[in-house]
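Order-wise, the sequence lines are chains A and B.
Quick note: the first sequence uses my numbering, first residue 191, plus one each step.
Quick note: the second sequence uses my numbering, first residue 20, plus one each step.
In what follows, a single structure is set out as structure tokens and then discussed.
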Amino acid sequence: MKLRTAKRHFREGIKNIFRNGWMTVASVGAVTTTLILVGAFLALMLNLNQMADNIEDDVEIKVLIDLTANETQIKSLGEQIKKIDEVDTVSFSSKEEELENLIESMGEEGKSWKLFKQDNPLNHAYIVKATDPLDTVDIADKIKDFDAVQEVSYGKDVVQKLFQFNEYARTIGLVLIVGLVFTAIFLISNTIKITIMARSKEIGIMKLVGATNGFIRWPFFIEGMLLGVLGAIIPIAIIISGYYYLENTLSKQISFSFVEILPFNPFAWQLSLIILAIGAFIGMWGSIMSVRKFLKV
Amino acid sequence: MIHMKDVYKTYANGVTALNGINIDIDQGEFVYIVGPSGAGKSTFIKLMYREVKPTQGSIVINNTDMSDLKEKKVPFLRRNIGVIFQDFKLLPKLSVYENVAFALEVIEESPRNIRKRVMDVLELVGLKNKARFIPDELSGGEQQRVSIARAIVNHPKIVIADEPTGNLDPDTSWGIMQVFEEINSKGTTIIMATHSKHIVNTIKKRVIAVEDGLIVRDEHRGEYGYEA
């Protein structure tokens with residue numbers, strides 16, 4: 191293909207956007223509506239996923255060391271724990287540190303606990319984190335059998351339920367997103383198909399005048415891509431402004447301080463890029479698939 | 020140039036349009052195809068640019084055997100054949116200028132040449148001042164002339180016309196015939212299906228009469244032979 195023909199295809203693709211007036215509006219409208227849905231849903235799912243990850247990362251095992259254990263026993267226990275494959279980090283926390291943490295976490299009331307500094311009733315402890323938080327339960331079970339362990343705690347019931355819930359949430363989210371994207375592809379390519387069907391006669395004429403399939407296809411390809419890109423403009427504007435507003439509002443509301451959404455920069459930009467790519471791809475794909483049928487003249 | 024041997028065509032709906040056609044047309048000839056409506060003239064013409072494939076028989080155009088012509092090569096065959104369609108087949112959303120230019124864009128002509136040749140040919144058919152109009156804004160006769168301009172703009176070896184004067188007033192018809200004679204004198208083969216007794220009997224050329232899917236008459240400098 192000569193450069194001037196490439197230019198011609200590009201020009202024609204842009205011209206077709208205007209030539210087809212209302213058909214263009216219809217296609218862009220379909221793209222816009224579906225992309226708004228996809229965008230909103232993606233933002234929601236990715237954030238939920240992130241929150242689930244955060245919560246899971248906070249899960250740790252506290253191994254309370256027997257009060258009678260001596261220094262060597264404590265050390266060898268640490269070694270043993272480290273040797274477990276699924277363990278990521280092991281850190282020692284002395285009973286003094288434990289008390290500090292406790293006092294801090296109790297706030298005002300904790301002050302009275304300072305009395306215990308003279309005679310600390312707490313245990314030394316190992317804080318263990320799993321590489322994959324889902325292995326927490328297994329690790330805890332193994333540690334329980336080691337020597338010099340008084341107690342292993344990780345909020346058993348809560349953790350198991352949390353993991354279960356997160357797993358469901360992720361699966362459902364994934365299924366919904368895939369379903370939504372497919373629906374979007376179907377909807378958009380159908381709308382585009384209608385606009386191209388109206389031009390099936392024209393495609394036939396072009397072939398009779400000696401145009402090759404590629405020559406006919408290219409402008410449609412570019413037109414489809416532009417339809418997708420045009421359709422992505424409003425969804426992207428909504429995502430960016432909406433997300434900005436959401437982040438600002440949440441950060442001001444103390445009651446929501448535990449909700450930590452993905453930061454606006456870069457998340458909103460990344461999401462916009464994804465939406466743009468989905469729009470352009472679906473537009474191209476839809477028009478190429480639709481043109482194909484009418485090329486057999 | 021154009022050879023057909025024992026060509027039959029039966030459409031999918033069972034209508035038999037051609038019943039064994041044998042014909043040879045040489046480069047530079049001017050041929051009228053005459054015959055009553057439904058005799059098979061249009062099918063005969065459509066075979067030449069491969070809008071229709073024969074059920075049986077062999078067709079050779081420009082030394083290309085159509086029976087083993089690959090689908091991908093068909094556009095290149097069509098570029099050597101300018102076709103004036105009975106229903107014009109103009110692109111409705113393109114202007115007169117763009118419609119004619121399309122035939123040149125397809126062969127990747129340079130923009131400067133396209134401009135020049137399109138304007139020249141529009142002048143030839145008398146539509147230079149309507150270059151920016153779209154087909155819907157033109158009369159039937161004007162649309163036909165756009166179709167003619169598009170067919171001849173890239174100097175094809177063969178020009179095929181299915182009733183090119185059917186919608187034209189007598190003056191314009193003669194103008195168009197003059198254009199045909201001129202490009203014919205430069206060596207272009209002209210094949211023209213027509214119902215115009217007047218034209219056939221005045222500008223004497225080879226006449227091929229088709230009836231019931233068969234060639235019933237083939238005369239040089241022939242007559243129309245039917246009551247108009």
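C-beta atoms are modelled at their ideal positions from N, C-alpha and C, and glycine is treated no differently.
- Task: Check the Cβ of A:Glu392 against every Cβ in chain B and list those closer than 8 Å, keeping chain order.
- Result: Leu110, Pro111, Lys112
- Message: Tell me which residue opens and which closes the beta strand (DSSP E) that A:Glu341 is part of.
- Response: 339-343
- Whole runs of the alpha helix (DSSP H) within the segment 166-237 of chain B, excluding any shorter than 4 residues: 189-204, 216-221
- Query: Hey, is B:Val125's beta-carbon within less than 7 Å of any beta-carbon in chain A?
  - Reply: yes
- Message: Using only the alpha-carbon positions, how far apart do A:Asp331 and A:Val342 sit?
- Response: 8 Å
- Close Cβ partners of A:Ile264 (< 7 Å) along its chain, the five nearest in sequence each way excluded: Ile255, His314, Ala338
- Using three-state DSSP, classify A:Val218 as helix, strand or coil. helix
- Contact belief for A:Lys319 with A:Glu250 at Cβ below 8 Å, rounded distance in angstroms: 5 Å
- Neighbour list for A:Ile478 in chain B, Cβ cutoff strictly below 7 Å: Here the premise fails: no neighbours, minimum Cβ distance about 18 Å.
- Touching by the beta-carbon criterion (3+ pairs, under 8 Å), the segment 364-372 of chain A and the segment 458-467 of chain A: no
- Message: Quick check on B:Val71: does DSSP put it in helix, strand or coil?
- Response: coil
- Taking Cβ positions, are B:Gly137 and B:Ala120 nearer each other than 7 Å? Reading the sequence as shown, one finds Val at residue 137 of chain B and not Gly. Contact flag set, yes.
- Less than 7 Å separating the beta-carbons of B:Thr74 and B:Lys28? yes
- Query: Alpha carbon to alpha carbon, how far is B:Ile177 from B:Ile80?
  - Reply: 10 Å
- Going by Cα to Cα distance, which pick from A:Ser431, A:Glu299, A:Leu416 is closest to A:Ile207? A:Leu416
- Query: Is the Cβ of B:Pro189 closer than 7 Å to any Cβ of chain A?
  - Reply: no
- Beta-carbon neighbours of B:Arg97, restricted to chain A and to distances below 9 Å: Lys397, Leu398, Val399, Gly400, Ala401
- Message: I need the straight-line Cα distance from A:Ile362 to A:Val348, nearest angstrom please.
- Response: 21 Å
- Message: Taking only three categories from DSSP, how would you classify B:Met23?
- Response: strand
- Item | chain B residues whose Cβ lies nearer than 7 Å to that of A:Phe405 | Val125
- Measure the CB-CB distance between B:Gly59 and B:Leu37 and report whether it falls below 7 Å. yes
- How many angstroms separate the CA atom of B:His239 from the CA atom of B:Gln105? 25 Å
- Does the beta carbon of B:Ala122 come closer than 7 Å to any beta carbon on chain A? yes
- Would you tell me roughly how many angstroms separate the C-alpha atoms of A:Glu450 and A:Lys442, rounded to the nearest one? 12 Å
- Message: Can you confirm whether the segment 214-227 of chain A touches the segment 352-360 of chain A when touching is taken to mean that 3 or more C-beta pairs between the two stretches lie within less than 8 Å?
- Response: no
- Hey, how far is the Cα of A:Arg389 from the Cα of A:Thr381? 13 Å
- Item | Straight-line gap, A:Gly469 to A:Leu236 (C-alpha atoms, nearest Å) | 19 Å
- Message: For A:Asn244, which residues in the same chain have their Cβ closer than 7 Å to its Cβ, ignoring the five residues on either side in sequence?
- Response: Glu450
- Message: If you measure between the beta carbons of B:Glu182 and B:Thr213, is that distance less than 7 Å?
- Response: yes
- Distance, Cα to Cα, A:Ala196 vs B:Val115? 22 Å
- Task: Could you check if A:Gly482 is buried or exposed, using at least 16 other CB atoms within 10 Å of its CB as the buried criterion?
- Result: Per the sequence shown, residue 482 of chain A should be read as Arg rather than Gly. Burial call: exposed.
- Query: If you draw a straight line from the C-alpha of A:Ile274 to the C-alpha of A:Leu305, how long is it?
  - Reply: 38 Å
- Item | Buried or exposed by the 16-neighbour rule on C-beta atoms within 10 Å, applied to B:Gln162 | buried
- Going along chain A, which residues have a C-beta under 9 Å from B:Arg169? Val399
- What number of angstroms, rounded off, separates the C-alpha of A:Ile224 from the C-alpha of A:Phe471? One detail in the question is off: residue 224 of chain A reads as Thr in this sequence, not Ile. Going from the Cα of A:Thr224 to the Cα of A:Phe471 covers about 14 Å.
- Residue range of the alpha helix (DSSP H) that A:Thr402 falls in? Run containing A:Thr402: none; DSSP gives neither H nor E here.
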